[in-house]
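**Student:** Dumping the structure here so I can ask a few things about it.
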Amino acid sequence: MDEALLDHKLKEYLQANKQNFEEYLLNQAVNVREKIDDILKVGDIDLINNAHNLIHLIIDGNEQDKLSAFSRQEGIAWATFSLTLSFKLEWIQAIRRTMWAFIQKYNNEVQLIAIDDFFELEKQINNQIDYFLNEFFINYSTYKDALISSQRKEVEALSVPIIPITPTICILPLIGSVDTYRTNIMEGKILNEIGRLHIQTLIMDLSGISKMEIEVIDHLMKIIYGTSMMGCDTVITGLRPDVVRQMIQLGIKFDQETKTYATLQQALNQYLIK
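Numbering follows full-length UniProt numbering, in which position 188 of the sequence shown is assigned residue number 188; successive positions increment by one, without gaps.
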C-alpha cells in the first residue's frame, strides 16, 4: 500500500475511534490520569488534545518541523510550570502503547497491512516518538536552566539591596543568613555599585542577620577594606553581641576609618540630619 494512503487511512480510523482511543489511553496512564485536571489548571495544558495533535504529527512522517515546534512548545510549558517529568514520560509511553494497540485493531478490522508496510510504519512511528521525547527534554532542560539562571540573578540582586538615599550615600540592609556564597555576591555588587554610583558613604546595617559564620566575618572585613580602597567610607550598624564576641576572640577589629553605630537610625541621624 502507498505510504501516504496508509497514513491517511490510519488517521481516519483513529479519528473514527477517538473516544475509545482516549479511554484506552487513560487506562494506560494510571498516574497521569489523576493529574490531568491539575495540569490543565496549573499550566493550561490539555493533555488529551495534545495527545491527538502529537499522534497526527507522528503519523505524518514528513511533518518534522511541526513536530519539532510542538516538542519545543511542550518542553517550555512543562519547564515554566515545573511540572513533573515522570508524568510526561509516562504519558508519552502510554500514547505509544495505545497507538500500537489501535494499529493492531485497524489491521484486524479494516485492512491487512503488508509486512513491508508494517516494518516501515513501526520505524516511522517509534522514531517520531523518540524524536519528540528527545527534543522535549532538550527544550525542557535548556529553558529550565535559563529560568533558574534568571531567577538566581533576581535573588542575588534582592540579597544585596544597595539603596541610594542621597547622591553619595547608600544603605545596604542585610537580612537573613549570610554565608560564603552570599558574601561573594556582596563583594562583587558592592564594589561595582561604588564605582557605578560614585558612592562616598555606604551604611551597612547588620541588625537583620540571623547567622554569620567566622569565615563570613573575615570576608566582610575584606569587603570593607576594598570599599576603602575605592574611596568609600563604610558605616556599620546593628552589630549583634555574639558577632562582636566572635570578633574579639579572633582579634578582628575595624580600622579607624570605619564608624559603627548601635542602630541604623543613629547612623541616619548622624549623616542625614544636620
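Even for Gly, the Cβ is constructed at its ideal location relative to N, Cα and C.
Going by alpha carbons, who is nearest to Lys88 out of Gln124, Asp46, Asp179 and Gln200?
**Tutor:** Lys88 has its Cα closest to that of Asp46, out of Gln124, Asp46, Asp179 and Gln200.
**Student:** Within the continuous alpha helix (DSSP H) that includes Thr234, where are the two ends?
**Tutor:** Note, Thr234: premise wrong, no alpha helix (DSSP H); beta strand (DSSP E) at Asp233 to Thr237.
**Student:** Who are the near neighbours of Ile190 in its chain, counting only those whose CB is closer than 8 Å to its CB and skipping five residues on each side?
**Tutor:** Excluding residues within five positions, the ones whose Cβ falls inside 8 Å are Val160, Ile162, Leu172, Leu202, Ile223, Gly226 and Thr227.
**Student:** From Leu264 to Tyr143, what does the alpha carbon distance come to, in whole angstroms?
**Tutor:** Going by the C-alpha atoms only, they are around 42 Å apart.
**Student:** Whole angstroms is fine: what's the gap from Gly251's alpha carbon to Gln266's?
**Tutor:** For Gly251 and Gln266, the distance between alpha carbons rounds to 26 Å.
**Student:** Can you say whether Ala94 is buried or exposed, counting buried as having 16 or more other CB atoms within 10 angstroms of its CB?
**Tutor:** Buried, since its Cβ has 16 or more Cβ neighbours within 10 Å.
**Student:** Excluding the five sequence neighbours on either side, which residues of its own chain have a C-beta within less than 7 Å of the C-beta of Phe102, listed in chain order?
**Tutor:** So the list reads Leu14, Asn17 and Phe21, once near-sequence residues are dropped.
**Student:** Leaving out five residues before and five after Thr180 in sequence, what residues of the same chain have Cβ atoms less than 8 Å from its Cβ?
**Tutor:** Closer than 8 Å at the Cβ level, and outside the excluded window around Thr180, lie Glu213, Glu215, Val216 and His219.
**Student:** How is Val216 classed by DSSP in three states: helix, strand or coil?
**Tutor:** DSSP places Val216 in helix when its eight states are reduced to three.
**Student:** Less than 8 Å between the CB atoms is what I'm expecting for Ser210 and Ser177, so what's the real figure, rounded?
**Tutor:** Confirmed, Cβ separation roughly 5 Å.
**Student:** Using alpha carbons as the reference points, say which of Gln246, Arg240, Tyr261 and Gln249 lies closest to Ile234.
**Tutor:** Before going further, note that residue 234 is Thr rather than Ile in the sequence given. When only C-alpha atoms are compared, the closest one is Tyr261.
**Student:** Note the first and the last residue of the continuous alpha helix (DSSP H) segment covering Lys259.
**Tutor:** Note, Lys259: premise wrong, no alpha helix (DSSP H); beta strand (DSSP E) at Lys259 to Tyr261.
**Student:** Would the C-beta of Leu250 count as close to the ligand SAH, meaning under 7 Å from any of its heavy atoms?
**Tutor:** As for the ligand SAH, it is missing from this structure, which has no ligand bound.
**Student:** Express the C-alpha separation of Met247 and Lys253 in angstroms, rounding to a whole number.
**Tutor:** Using only the alpha carbons, I get a separation of about 7 Å.
**Student:** If we ignore side chains and look at the alpha-carbon of each, how far apart do Glu109 and Leu10 end up?
**Tutor:** Looking at the two C-alpha atoms, the distance is approximately 12 Å.
**Student:** Helix, strand or coil for Asp117? Go by DSSP, reduced to three states.
**Tutor:** Note: Asp117 maps to helix in three-state DSSP.
**Student:** Does DSSP put Met230 in a helix, in a strand, or in coil?
**Tutor:** DSSP places Met230 in coil when its eight states are reduced to three.
**Student:** What does the alpha-carbon distance come out to for the pair Ser141 and Gln104?
**Tutor:** Their backbone Cα atoms lie some 35 Å apart in a straight line.
**Student:** Confirm, please, whether the CB-CB distance from Leu54 to Phe137 is below 8 Å.
**Tutor:** Contact: no.
**Student:** Does DSSP put Gly251 in a helix, in a strand, or in coil?
**Tutor:** Reduced to three states, the DSSP call for Gly251 is coil.
**Student:** Mind checking Leu272: buried by the 16 CB within 10 Å criterion, or exposed?
**Tutor:** When all chains shown are included, Leu272 counts as exposed.
**Student:** Determine whether the beta carbon atoms of Asp130 and Ile59 lie at a separation below 8 Å.
**Tutor:** The answer is no: Cβ separation not under 8 Å.
**Student:** At what residues does the beta strand (DSSP E) containing Leu172 begin and finish?
**Tutor:** Note, Leu172: beta strand (DSSP E), Ile169 to Val178.
**Student:** Let's see if you can read the secondary structure: which residues bound the alpha helix (DSSP H) around Ser71?
**Tutor:** Run containing Ser71: Gln64 to Thr80, per the alpha helix (DSSP H) assignment.
**Student:** Let me know the secondary structure DSSP gives Pro241 once reduced to three states.
**Tutor:** Pro241 falls in the helix class under three-state DSSP.
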